[in-house]
Structures are given as structure tokens and as C-alpha cells.
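Shown next, in C-alpha cells, is the structure this report addresses.
There are 2 protein chains.
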Amino acid sequence: MAKATIKQVAAEAGVSTATISRVLNSSGYVSREVKQRVMAAVTKLHYQPNAIARSLKQDKSFTIGVVLPDISNPFFMTICRGIEDIVQEQGYHLLFCSSDEKPEKEEQLLHLMVEKRVDAIVLATTGGNEELITRLAASGVCFILVDRRLELELSESGAVVDLVAEDDVYGAYELTKQLILAGHSVIGVINGCMGVSTGQDRFVGYLKAIHEAGLEHDPALLYDGHFTEAGGRAAVRYFLQMAKPPSALLSFNNKMTFGALVELTESGRDIPGDIAIASYGEIEAARLLKHSGIMYVDQKPYDLGIKAGQTVLHRLEKGLDKSLDRDAASPEPEPIRDILQPALKTLPS
Amino acid sequence: MAKATIKQVAAEAGVSTATISRVLNSSGYVSREVKQRVMAAVTKLHYQPNAIARSLKQDKSFTIGVVLPDISNPFFMTICRGIEDIVQEQGYHLLFCSSDEKPEKEEQLLHLMVEKRVDAIVLATTGGNEELITRLAASGVCFILVDRRLELELSESGAVVDLVAEDDVYGAYELTKQLILAGHSVIGVINGCMGVSTGQDRFVGYLKAIHEAGLEHDPALLYDGHFTEAGGRAAVRYFLQMAKPPSALLSFNNKMTFGALVELTESGRDIPGDIAIASYGEIEAARLLKHSGIMYVDQKPYDLGIKAGQTVLHRLEKGLDKSLDRDAASPEPEPIRDILQPALKTLPS
């Protein structure tokens, strides 16, 4: 099929070519009815002005790509809500996709986002793609990491990768300390993914607190729950079959905690009568338990999203040229590091 | 900046142009390390082969757009999981976006998806965009509606819009009937959005069941919860302040039910001792309540997603040309209507 011209599209839609431009560039007022006619004509004639041609001209696609490890986790979806509430005021749309905690899938999705010419990528990384991320960032892709940092030291790569995250070491340290102060010395740990920074940092915070209290870490009291609900359930089954089960469980994310609570409920255990619970991250569902006394790190995913959205806008509006072909005399842009301090809360007991 | 050629990209990456093609067309084996080098070179030189050029050649972008009303609702995210599990085997990626139950936002997102040249759009519509959807579908956009159908009759438009949904009238009818059989005649209804088909159909199913039982619908026993958790909480506050509160609550989606359960728990009510609960849709969190006896319509969002994914592949693989410029002598393709029959379940009491 021959390539359609803007004139043919205008004729099909029964409007002027100026109107077509207005609709496609989202500039100036066009009624909803006319907009719909124009888009139908564009589609029917396979007219391609288009995403790429326009973004070349404007150098913007007004789309932000968001690559997350788990779209079924309300923590990440609340981050998205925060990002969107900030960027949509400036006309940006979000496109999400889910890596399912798989580095290979994350790699494919990062390529897809570059292909779709998103203006920026907000990424909560699965880990394992440091080299790709560094290369893409050094080549000019605008990356904002959220919740999880990279492993590698980027300083020599010329890459600028911003980060909005929490101080996970501090949060886990405080949470563990509270459990110890409450009298628990045999604590079962439901550990997260050690391949990502939040998994590592929470474990480090726990170790710091128990060593400070003069306790030893017992490997038999560590169960790898992989940040999933099923992992939390399996951990509870593991701890309950021990000759001397722990008096408290310390779970390193919300999904594992929910799984643990379901398993404890179904096995007839009382919380905290039979076993106390401490959770890195709030569990909405725990509001259905009476007097559970659950201690938790009150993560602020909406605030993380707001900060990430503001960082995206800062980078895009400043037109900060991160690419390697910028003036060699200009200083390297400094990466933004925005680390939020989490607080502890306790449900009524 | 002059447009980069494939040769320049190959030189930058230190590979052959054939390798560049293999990477960009995802054909043939290329090591992960080389792939990363190629993508970094493509990005650095702003080379645009690319999404559009390749999709013109292949007539496919291998991307499916999914437009949902609420990305924080696990029901919709489980549908996505089902779709993705089917289509990713064939090399397709999903891009999600959220309309937040706002027709204006849905309209913008549908245009965005067309611009991004997705191969198909899976849509759970907010309602209110029937005309746009019909026009786009008639122009050749491959639409698969999931969970929610369109209001308008499409038969004369030439548009083919497939649908994968549940029989919501039947589900709500059966759920209401069970409440009545359990002895409830004063039932508080937490109603959903009447602007979308699921909201309407569930209300119709309820009316059918109460009329069949010789009961009257009392408008004072209807509270509009807008399919949100906050709506479910507000509904409970409304019903509890009545002179004669209902003996049972009937909630028309999972988020409203969760809100209702939290509000009842916080006000010290026992379920089902003080008030019985029936829910259209499963509440994962309700597993933390002991002996709640909650009746629910066991929706199968994963199955809906699987069916929707299969329908997408069927349309894309058959290369079914839905556009108006197909051979006029060929028969109109028939829209697919796949309506699943939901079943009731009850939590332990």
C-alpha cells in the first residue's frame, strides 16, 4: 500500500491538514468528535506521521516507561500512582511492564522501551542487568532507578543513573531491634531475594541489630521466601516444624508477610499469642486481624513515586544532555540520590 | 545531527551489519554481551531502523497494549498474567496503562496505543468511549474487550470487536439467591459503577433474584460504592447507622468487599454473627478471618486472561484483516464472544 499523505488523511476525515497536525501534536483545541474522526482516518489509511517523526521533531514522545519486577504487588503499583500523579500534569503517559523478577525478561523490556522511544525509564531492577543499564545510560537513555539500586560502581562509565529509594538497612535494623527489645531472641527470618539491593540491605540491617544485641545469627533460622506469598507460606511451614520454633517471625516484604499470616491463620495459630510478626512493609489485609500487634516498616511507596516523578520531570525539563556527545568541557551531570528514611509502626495489640 | 546508518552503528559496536540486523529483528542467535553492545550503539547514535520501519516491514511490532481501569486491583492484574503467559510464548510483550475509571484518560491512552503501533489492544473499558472504539475497530485496530462489554450495538458499523467476559447477571443472580435462601430478606447492596457493563449486569442479576423471591427492591438499601475500597467502607458506615440495619451485605466487587470487611472489623462487628457478607469476586485477605462464611462469586481472572490472550493470537496469527479496505466480496469476520459461567464458593464458617 502506498504511503498515505496528510492530505489524504484530511480528506478522509473531512477536516483541514492543519487540524490533522493539531490533533497529532496535541496542540490547540480540537473537539473530541473531530479528534476521533482524525484518529480513525489515520488508522484506516495507516498514516505514519508519527510517533517517531514527531518525537524526532519535538525530541519527545511524552511517554515514560516503567519496568517493575511484580505488577501484582500493591507496593509497586502505588509507586506508579505517585509517578503518574506528577508526570501526567505535564502531559506524560506511563507505559508499564513487568519483569517478573527475571533478569532476561527485564533485558528484553529495556530494549523494548528504547525502541518505543520513551523519554525516560523508571526501573525497579531485578538485578543482573547492571552492564546493560550502564551502557544505555551512558548512551543517553534517561534512567531513574526506584526502590532498588544497581550493584556496580558507575562512576567510571560516564553513566548518570538517578536513584530514589529507601534506607533499607536502617529500616530492617530498627525493625529487628524492636523485636529484640520486645524480648525475642529466637527470630525466624523470612528472607527476600539476595540478588537485589533491597533483599541484601534488609538482611544486612538485621545482622547489624542482632550482633549489636550480642546475639548470633543461626542459619537454621533463615528461610528464603523469594519475596513471594508462596515463599512466606512455605517459610511458616518450615519454622513450625522445628523442634523449638522461633517466638517471632521477621519477614522482609509485604507479600511474604501476607503468605505467612494466611498460613498461620489456617494452622490455627494466634498472632501474637503463639508467634509475633514483624514485617518490612505494610500489609493492608492485616487490618482484618484483631489485636495482632504486628510491627512493620511503614514504607511510603506513594512518596517514592512522587519523588521519582519529580526526578523524571527535572531531567526532562532541564533538557539535561546525558549523552556522550555533549560538550566535553561541560561538567558531568551529578546523579541524583534521594534516600528516604522509613519509620516503624505497630498495629493495635 | 545527521541520521546514522547501519554501517556506522556496526562500526560503533564493532560487529557486522548482519549482526545489527539479527539483533534488531530478534532473529538468529546473538550473545547477550553483543546484543547489549549493539543496543548501546543504536542508542548512542540515535539510530532509527526501527520500531516503525521494522513493523512496517514485518507488519508487526510484537507488542500488545492492555488498557485497564484499575492497576491496583489484583483482579485486573491477574487477567494480565493470563494474557502474558499465552502471548509471550509467541514473542509478544505487554504494555499496560491505567485509565483509572476515567473515560477521558482511556480515550487518550487508546490514541497512545495506536501511535505506539501495538498489534492489538486488550481493553477493560471505563465506558463512554464506544464511538471511538467502534471507529478505531472499523479502521482496522484489533480490539479484544475483556471483562466489560460495549454499550452500543456495533453490528452496523463494520467493526469487529471481540469479547471475553463473564456472565455477570448470572453470577449476581446466583449470589443473591443464596443469600435469600440463607434467610436474609433485608440485604444492603454495595453497588458498583453503573456506567460499565459489569456494574449494570450485577445489579440486574440482583433485581432478578429478589423479584423471583417475591421481595421488593428498597432504594434505601442501595449504596453506590464506585468499585473502590473507600466506597465499601463508606457503605458500611451508611448501613450501620440505619434504624434497622440489613442482616447481610451484598458487595459487587472485591475492592468494595475488602473496604467493607475492614470497616466492620474496626467497628468491632463479627462476620457472620452480626452481619453476613456476600461478594462478587474473591477477597484474598478474607483468608485471615476465621469462620467468616463469606459467600462469593469465584471469578476466574486468570482464565479470562488466558482466553483473551488466545483470542489475540488467533486474530494476529490468522492475519485476519479487519480493515475496511479488505476484499468487499469476503464475508465480514464474526466477532468472537467468549462468556464464562462463574461459580459460587463459600469460605469456612
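Going line by line, the protein sequences match chains W and Z. According to my numbering, the residues represented by the first sequence are 928 to 1276, in order. According to my numbering, the residues represented by the second sequence are 928 to 1276, in order. Even glycine gets a Cβ: it sits at the ideal position worked out from N, Cα and C.
{"Item": "Short-range partners of chain Z found in the segment 1211 to 1240 of chain W, where Cβ spacing is below 8 Å", "Value": "E1211, A1212, A1213, R1214, L1215, L1216, K1217"}
{"Item": "A1136/W beta carbon near the ligand ADP (any heavy atom closer than 7 Å)", "Value": "Ligands are entirely absent from the displayed structure, and the ligand ADP is therefore not among its contents."}
{"Item": "8 Å contact criterion, which N1000/Z and K1182/Z should meet: CB distance rounded", "Value": "6 Å"}
{"Item": "The segment 1230 to 1240 of chain Z in contact with the segment 1144 to 1151 of chain Z per 3-pair CB rule at 8 Å", "Value": "no"}
{"Item": "Cross-chain neighbours of G1278/Z in chain W, by beta carbon under 9 Å", "Value": "Because chain Z spans 928 through 1276 in this model, residue 1278/Z falls outside it and cannot be assessed."}
{"Item": "H1020/W - partner residues in DSSP beta bridges", "Value": "T990/W"}
{"Item": "Proximity test, Cβ basis, 8 Å: F1023/W and chain Z", "Value": "yes"}
{"Item": "Proximity to T1273/Z [Cα-Cα], best of P1228/Z, G1220/Z, E1244/Z, G1232/Z", "Value": "G1220/Z"}
{"Item": "Neighbourhood of I1107/W by C-beta, 6 Å cutoff - its chain only, sequence neighbours within 5 removed", "Value": "A1140"}
{"Item": "Assigned exposure category for G1018/W - 16 Cβ within 10 Å defines buried", "Value": "exposed"}
{"Item": "Any 3 or more C-beta pairs closer than 8 Å across the segment 1151 to 1165 of chain Z and the segment 1102 to 1121 of chain Z", "Value": "yes"}
{"Item": "Contact set for K987/W: own chain, Cβ-Cβ below 8 Å, skip 5 residues either direction", "Value": "D1046, L1243"}
{"Item": "I1114/Z in three-state terms, based on DSSP", "Value": "strand"}
{"Item": "Pairwise C-alpha distance: G1232/Z and V1014/Z", "Value": "10 Å"}
{"Item": "Under 8 Å from the C-beta of Q1035/Z: neighbouring residues of chain W", "Value": "H1020"}
{"Item": "Any chain C beta carbon closer than 8 Å to I1117/W", "Value": "In summary, chain C is missing from the structure at hand, where the protein chains are W and Z."}
{"Item": "Alpha carbon of L951/W to alpha carbon of S1066/W, nearest angstrom", "Value": "29 Å"}
{"Item": "9 Å Cβ cut-off: residues of chain W touching T1192/Z", "Value": "R1214, L1215, L1216, K1217"}
{"Item": "The segment 930 to 943 of chain W touching the segment 956 to 971 of chain W, judged by at least three CB pairs closer than 8 Å", "Value": "yes"}
{"Item": "Partners in chain W for Q963/Z, counting only beta-carbon separations shorter than 7 Å", "Value": "E1058, L1059, R1062"}
{"Item": "Per DSSP, cross-strand counterpart(s) of S1025/W", "Value": "L995/W"}
{"Item": "Local conformation of M966/W per DSSP, three classes", "Value": "helix"}
{"Item": "Three-state secondary structure assigned by DSSP to L1072/W", "Value": "strand"}
{"Item": "Within chain W, partners of S999/Z - CB distance below 9 Å", "Value": "P1001, M1004, T1005, C1007, R1008"}
{"Item": "Buried versus exposed, by CB contacts within 10 Å (16 or more), E1261/W", "Value": "exposed"}
{"Item": "Span separating the alpha-carbon of V1178/Z from that of R1075/W", "Value": "Rather than Val, the amino acid found at residue 1178/Z in this sequence is Ser. When rounded, the distance between both Cα atoms is 38 Å."}
{"Item": "Ranges of the beta strand (DSSP E) found wholly within the segment 1142 to 1168 of chain W, counting only runs of at least 3", "Value": "1149 to 1151"}
{"Item": "V1041/W: contacting residues in chain Z (beta-carbon distance under 8 Å)", "Value": "M966, V969, T970"}
{"Item": "Within chain Z, the residues that V1189/W reaches when beta carbons sit closer than 7 Å", "Value": "R1214, L1215"}
{"Item": "E1033/Z and T1053/Z closer than 8 Å at C-beta", "Value": "yes"}
{"Item": "Residue-chain proximity (H1038/W, chain Z), Cβ-Cβ < 8 Å", "Value": "yes"}
{"Item": "Coil, strand or helix - K1043/W by DSSP", "Value": "coil"}
{"Item": "Where A1092/W falls: helix, strand or coil (DSSP)", "Value": "strand"}
{"Item": "C-beta neighbour in chain W for D1248/Z, strict 8 Å", "Value": "Here the model assigns D1248/Z a pLDDT of 47, short of 50, so the residue's position is not dependable, and the following value carries that caveat. By this cut-off, D1248/Z is not an interface position."}
{"Item": "Reduced DSSP category for V1049/Z - H, G, I as helix; E, B as strand; rest coil", "Value": "strand"}
{"Item": "Helix, strand or coil at V1224/Z according to DSSP, with G and I counted as helix", "Value": "strand"}
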